[in-house]
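Inspection log for the structure reproduced underneath, given as structure tokens.
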């Protein structure tokens with residue numbers, strides 16, 4: 055017994071929705087990872103500056119910029135990976 059056109063259309067829509075939602079989950083996961091990395095490194099730099107009693111927030115600047123660069127690298131690496 056062959057499936058009718060309605061069943062085939064439903065299956066096609068289901069596959070398209072799954073593909074779309076997996077892409078959404080992938081990119082939202084990457085964004086969450088980037089945000090977490092930047093926040094953790096920036097907070098670590100803030101605490102280092104506080105501990106060393108720096109007048110200029112050197113560690114905060116260095117670690118936040120380093121985390122942004124690292125996050126962008128991981129983002130590009132994730133986009134180019136198949």
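In this note's numbering, the protein residues as written are 55 to 136. C-beta atoms are modelled at their ideal positions from N, C-alpha and C, and glycine is treated no differently. This structure is a prediction, so every number in the text was calculated from the model and none was measured.
Beta-carbon gap between residue i and residue j smaller than 8 Å
{"i": "residue 113", "j": "residue 99", "result": "yes"}
{"i": "residue 71", "j": "residue 95", "result": "no"}
{"i": "residue 124", "j": "residue 86", "result": "no"}
Three-state class that DSSP yields for residue i in the structure shown
{"i": "residue 55", "result": "Because the pLDDT of residue 55 is 49, which lies under 50, any placement of that residue in the model is unreliable, and the number read from its coordinates should be weighed accordingly. Correct three-state label for residue 55: coil."}
{"i": "residue 135", "result": "coil"}
{"i": "residue 72", "result": "helix"}
{"i": "residue 106", "result": "helix"}
Cut-off 8 Å between Cβ atoms - residues of its own chain near residue i, not counting five sequence neighbours on either side
{"i": "residue 129", "result": "84 and 88"}
{"i": "residue 118", "result": "92, 95, 96 and 99"}
Other residues of its chain near residue i: CB distance less than 6 Å, five sequence neighbours each side excluded
{"i": "residue 102", "result": "113"}
Residue-chain proximity (residue i, chain C), Cβ-Cβ < 8 Å
{"i": "residue 92", "result": "In the displayed structure, chain C is absent; only one protein chain is listed."}
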